[in-house]
Amino acid sequence: MDMVKGAVIIAAMAAGVVVYAIHKMAQASAADRRIRHEQFMARLVPEHVETIVRLTATRDAEIAKATKTVPSQLIDMKRAEG
Numbered sequence: 300m301d302m303v304k305g306a307v308i309i310a311a312m313a314a315g316v317v318v319y320a321i322h323k324m325a326q327a328s329a330a331d332r333r334i335r336h337e338q339f340m341a342r343l344v345p346e347h348v349e350t351i352v353r354l355t356a357t358r359d360a361e362i363a364k365a366t367k368t369v370p371s372q373l374i375d376m377k378r379a380e381g
């Protein structure tokens, strides 16, 4: 009976090691994806800053027109939100 208990304990420990290893591999994969995304965005943003700024200004102007506010009020509203 003691051998069975020992075998069960060893099997449980081995399963724990396997689960821990899978967990660590998943963490490394997520970190790698995050780093690749940050590198991609670092390359993308400088090339498209002008487009992003223009689209943001257009969107803000549309919001201002729809809500009948002036751009300075929109800036104040954005600051209040976040």
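Using my numbering, the first residue of the sequence shown is number 300, and each one after it goes up by one. We treat Cβ as the ideally placed atom computed from N, Cα and C, and that holds for glycine.
Cα-Cα separation, residue i to residue j
i	j	result
Met300	Val316	25 Å
Ile309	Tyr319	15 Å
Arg335	Ala341	10 Å
Ala365	Ala379	19 Å
Lys323	Ala330	11 Å
Lys343	Val307	Note on identity: in this sequence residue 343 is Leu, with Lys being the wrong assignment. Looking at the two C-alpha atoms, the distance is approximately 54 Å.
Met312	Ala327	23 Å
Thr355	Glu361	10 Å
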